[in-house]
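Here is the structure we will look at.
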Amino acid sequence: MTWVTLAVLSAAFAALTTILAKVGIKGIDSNLATAIRTVVILIIA
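Numbering (my numbering), first residue to last: 384 to 428.
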């Protein structure tokens with residue numbers, strides 16, 4: 384894979400994460416939602 388392919392995949396997954404986060408956590412406070420996303424990203428990283 385070239386770096387261009389990896390960059391495009393990274394951008395696509397970032398967009399998908401944002402969309403899913405907005406759809407999945409509508410009833411939660413925005414600060415709590417941000418904290419949850421941050422923890423999940425840190426675990427994955």
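Beta carbons: idealized from backbone N, C-alpha and C, even for Gly.
Approximately 21 Å separates the beta-carbon atoms of Ala-404 and Ala-390; this is outside 8 Å, ruling out the contact. Within the model, the alpha-carbon separation for Met-384 versus Ile-402 is close to 26 Å. In its own chain, leaving out the 5 sequence neighbours on each side, no residue places its CB closer than 7 Å to the CB of Ala-394. Collapsing the DSSP output to three states places Thr-421 in a helix.
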